[in-house]
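Encoded as structure tokens, the structure appears first; notes follow it.
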Amino acid sequence: MYQQFYGFEAMPFNVTPDPKFLFLSPTHQEALSHLRYGITERKGFIVLTGEVGCGKSTLCRALLNELDDERYESVLILNPRVDEEQLVLAILRELGEPVDEHTHADRTGRLNEALLKRIHAGKEIVMIIDEAQNLSFEVMEQVRLLSNLETDEQKLLQIILMGQPELKVKLREKRLRQLRQRVLVYYDLHPLDRQQTEAYVQHRLSLAGANGRPRFTPRALRKVYRASRGTPRMINNLCDKALLSAYIRNADDVNWWDVRRAVKELKRLEHA
Numbered sequence: 597m598y599q600q601f602y603g604f605e606a607m608p609f610n611v612t613p614d615p616k617f618l619f620l621s622p623t624h625q626e627a628l629s630h631l632r633y634g635i636t637e638r639k640g641f642i643v644l645t646g647e648v649g650c651g652k653s654t655l656c657r658a659l660l661n662e663l664d665d666e667r668y669e670s671v672l673i674l675n676p677r678v679d680e681e682q683l684v685l686a687i688l689r690e691l692g693e694p695v696d697e698h699t700h701a702d703r704t705g706r707l708n709e710a711l712l713k714r715i716h717a718g719k720e721i722v723m724i725i726d727e728a729q730n731l732s733f734e735v736m737e738q739v740r741l742l743s744n745l746e747t748d749e750q751k752l753l754q755i756i757l758m759g760q761p762e763l764k765v766k767l768r769e770k771r772l773r774q775l776r777q778r779v780l781v782y783y784d785l786h787p788l789d790r791q792q793t794e795a796y797v798q799h800r801l802s803l804a805g806a807n808g809r810p811r812f813t814p815r816a817l818r819k820v821y822r823a824s825r826g827t828p829r830m831i832n833n834l835c836d837k838a839l840l841s842a843y844i845r846n847a848d849d850v851n852w853w854d855v856r857r858a859v860k861e862l863k864r865l866e867h868a
């Protein structure tokens, strides 16, 4: 509705993890550097944690977009609620390997062959498991075993476990100490501070094609920060609803009252 009114080329505050809108705050820049380092140095296991909506998925998609297709092949596991067999099957599917879903033959052996084939062809494989805090202990153990697949020179899989703070807690469990010892790169992503939140809002408006309008007033931006606590997804939700409120008023300025209405609307949705 408001996209045409304000002359946006794209919606500025969609919550989908679009790498085009990636805002590299210092903490996001450092997290991306850790991911790059872990992959280029073939560290095997990388863990990225952060609160819901902090931008983990956007960072990883930006990372995948950076990787040279001639050198890297990626595997993205978005559903962590699988068992050990289903995990291996999902990886084979992501790699485009033909598999018979009804035959439980040695799929790990098939996976090892598929990975070796790519390694010998000069490819490296990066696997990202999203919402990894939801992996069962048995699947965590399977992931650890998959990390043992290697040649004399390198691991066959570079594995990124991405999840909420509960993943940190899970990895501290005694029964996961073997997996924990294999994590050589770890980063905990933090929310934005107030100045970064204001810069984030302007960044997304600019990328969406804003040309001086709309303008968030200083009080509106402070309200956005206090209500969102610097969490990018929450900032997007608030700003989207605040823009709609300003549009209904036929206004070029998004003010404190618009953000207040957005906060109240989100609270109503949470308790609906």
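To get my numbering, take the position in the sequence shown, counting from 1, and add 596.
The beta-carbon is built from N, C-alpha and C at its ideal position, and this holds for glycine as well.
Between alanine 606 and leucine 803, the C-beta spacing is below 9 Å. Counting only the Cα atoms, valine 671 lies some 11 Å from aspartate 726. The residue from Phe604, Tyr782 and Cys835 with its alpha-carbon nearest to that of threonine 813 is Cys835. Taken in chain order, the complete alpha helix (DSSP H) segments of 4 or more residues contained in the segment 673-737 are 680-690 and 703-716. In this model, asparagine 708 and glutamate 749 are separated by some 15 Å (Cα to Cα). Selection Gln774, Glu861 and Leu711 evaluated against glutamate 690 yields Leu711 as nearest (Cα-Cα).
Going by beta carbons, glycine 759 and glutamine 729 fall inside the 9 Å limit. The three-state secondary structure of threonine 827, taken from DSSP, is coil.
Between the alpha carbons of aspartate 679 and glutamate 734 lies a gap of roughly 7 Å.
Judged by beta-carbon spacing, glycine 826 lies within the 9 Å limit of arginine 790, meaning their Cβ atoms are closer than that value.
Counting only runs of 3 or more residues that sit fully inside the segment 635-680, the beta strand (DSSP E) segments are 641-646 and 668-673, in chain order. Residue pairing by DSSP places arginine 811 opposite Asp849 in a beta bridge. Ranked by Cα distance from proline 676, the options Ile756, Lys719, Lys713 and Leu660 are led by Ile756. Annotation for serine 841: Asp854 and Arg857 place their beta carbon closer than 6 Å to its own, counting only its chain and skipping 5 residues before and after.
Taking every protein chain shown into account, the CB of asparagine 807 has fewer than 16 other CB atoms within 10 angstroms, so this residue is exposed. Between the alpha carbons of valine 722 and leucine 788 lies a gap of roughly 28 Å.
The three-state reading of DSSP puts glutamine 754 in strand, counting E and B together.
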